[in-house]
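Peer 1: If you scroll down you'll find the structure; I have some questions about it.
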Amino acid sequence: MTTRTFKVVKSDAQWREQLTPEQYQITRHHGTERAFSSPNFDSKLKGTYKCVCCDRPLYRSETKYDSGTGWPSFYAPIEPEAVFAVEDRSYGMLRTEIKCSDCDAHLGHAFPDGPPPTGVRYCMNGNALVFDED
2 MTTRTFKVVK SDAQWREQLT PEQYQITRHH GTERAFSSPN FDSKLKGTYK CVCCDRPLYR
62 SETKYDSGTG WPSFYAPIEP EAVFAVEDRS YGMLRTEIKC SDCDAHLGHA FPDGPPPTGV
122 RYCMNGNALV FDED
């Protein structure tokens with residue numbers, strides 16, 4: 002895998018034109034979709050999950066697992082540089098927000114209750130991802 006070093010920068014109007022209203026709310030305004038509402042949450046197909054905003058490869062299906070939460074969950078990104086973490090203190094909680102490294106899209110959150118080998122659950126909004134089947 003090649004690490005991308007550029008940032009995708011678009012105006013608010015360009016993001017609104019590119020994304021559905023739900024995708025826009027989730028990725029650009031830190032929204033969260035309803036559990037079990039994404040077509041990606043229970044898919045068992047083999048392939049790559051990419052950022053809906055910039056098409057950066059983020060997760061492989063081999064690292065996806067059923068966390069029982071209703072959101073697509075992964076135990077590792079496709080490469081460490083694909084995503085970055087930000088402290089999130091919204092709603093009176095302390096969480097770790099996960100964002101796309103290329104376009105700063107809000108993807109979801111990471112929690113320290115995932116399976117081996119990482120012990121991390123990357124709990125993603127399915128509408129922040131686009132699936133590319135192998």
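Numbers in the working numbering are just positions in the sequence shown, counted from 1, shifted up by 1.
Heads up, the beta-carbon is just placed ideally off N, CA and C, and yes, glycines get one too.
Classify Thr-103 as buried or exposed, calling it buried when 16 or more other Cβ atoms lie within 10 Å of its own Cβ.
Peer 2: Per the sequence shown, residue 103 should be read as Asp rather than Thr. Classification of Asp-103: buried, given that the 10 Å Cβ count is 16 or more.
Peer 1: Can you find at least 3 beta carbon pairs, one from the segment 24–37 and one from the segment 103–121, that sit closer than 8 Å?
Peer 2: Result yes; three or more Cβ-Cβ pairs closer than 8 Å.
Peer 1: Going by CA-CA distance only, name the one from Met-94, Lys-45, Glu-80 and Cys-101 that's closest to Ala-86.
Peer 2: If we check each option's Cα against that of Ala-86, Cys-101 comes out closest.
Peer 1: Closer than 7 Å by C-beta to Thr-70: which residues in its own chain qualify, once you throw out the five before and the five after it? Chain order, please.
Peer 2: Ala-36 and Cys-124.
Peer 1: Can you tell me whether DSSP reads Ile-79 as helix, strand or coil?
Peer 2: Coil.
Peer 1: Relative to the C-alpha of Ser-44, which residue among Lys-65, Gln-15 and Ile-99 is closest?
Peer 2: Selected option, being the one with the closest Cα: Lys-65.
Peer 1: Scan the segment 4–60 and note each continuous beta strand (DSSP E) run of 3 residues or more that stays entirely inside, going in chain order.
Peer 2: Here the runs fully enclosed are 48–52.
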